[in-house]
Amino acid sequence: MQSITMQQNFNRLLSGTVQAQKSILLSCLILTLSVMMSACGGGGSSSTSGFSDQLALGTGLAGNGFDLAGEAQTFSLVATGGGTITFRLESAADFEGRFVRLYINYPTGTPYWQNDIIPPQADGHILLSSFRVTDVGTYVVKAYLVSDSGGGVTETHVADATLVMTP
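What the sequence shown shows, in the working numbering, is residues 1133 to 1299, in sequence order.
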């Protein structure tokens, strides 16, 4: 008999808070969906996505595996193990299945090298990868998001960085 009374009291307590629980759950669901949509979907500018168009160069990845170590513009062939440069590309727009194309040119615009990189996931705003420059000189690195929609290739400029390679 005691357990029935406790069960009845428990049910009465819950019945008064069911509406409040539904409101809290609905609020949490709306907040979660808003965060997910702003972080991953639909592209947008830095004001809506929280990301901006940036290209940073470094000597490797920091201990957390997400930040650059040795971020700079000037590097030496010796210190980079023969010219390996790690980069972090951040795009205000979502990648949306597009791949990244890097053009590495001399300041005159003459091409030095081009590289296409397929990101490990189709969406997102950040790519960490590396490339090699094995000759001493000054270069302009230009990053583009590239889509091939069957009707032709479209390149969308994201960011530039200057790279100086010393002996």
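Here a beta-carbon is modelled for each residue, glycine too, at the ideal position from N, C-alpha and C.
First and last residue of the uninterrupted beta strand (DSSP E) at residue i
i     : result
T1266 : Careful: T1266 lies outside any beta strand (DSSP E) and carries neither H nor E.
I1300 : Beyond the ends of the chain as shown, which are 1133 and 1299, falls residue 1300; an answer cannot be given.
Q1246 : 1243-1249
Classification of residue i by the beta-carbon crowding that lies within 10 angstroms, buried from 16 upward
i     : result
A1275 : buried
Y1238 : exposed
I1236 : buried
F1207 : buried
V1285 : exposed
V1268 : exposed
G1217 : Inspection of the sequence shows that residue 1217 is occupied by Ile rather than by Gly. The residue in question, I1217, is buried, as its Cβ has 16 or more Cβ neighbours within 10 Å.
CB-CB length for residue i against residue j, believed under 8 Å
i     : j     : result
S1223 : V1290 : 5 Å
L1221 : L1259 : 5 Å
S1262 : F1219 : 7 Å
Q1253 : L1234 : That pair is no contact at about 19 Å.
Proximity of residue i and residue j at Cβ, strictly below 7 Å
i     : j     : result
A1293 : L1189 : yes
V1296 : T1270 : yes
V1273 : E1287 : no
> Below 8 Å, can you find three or more Cβ-Cβ pairs linking the segment 1198-1212 to the segment 1226-1233?
Replying inline: no
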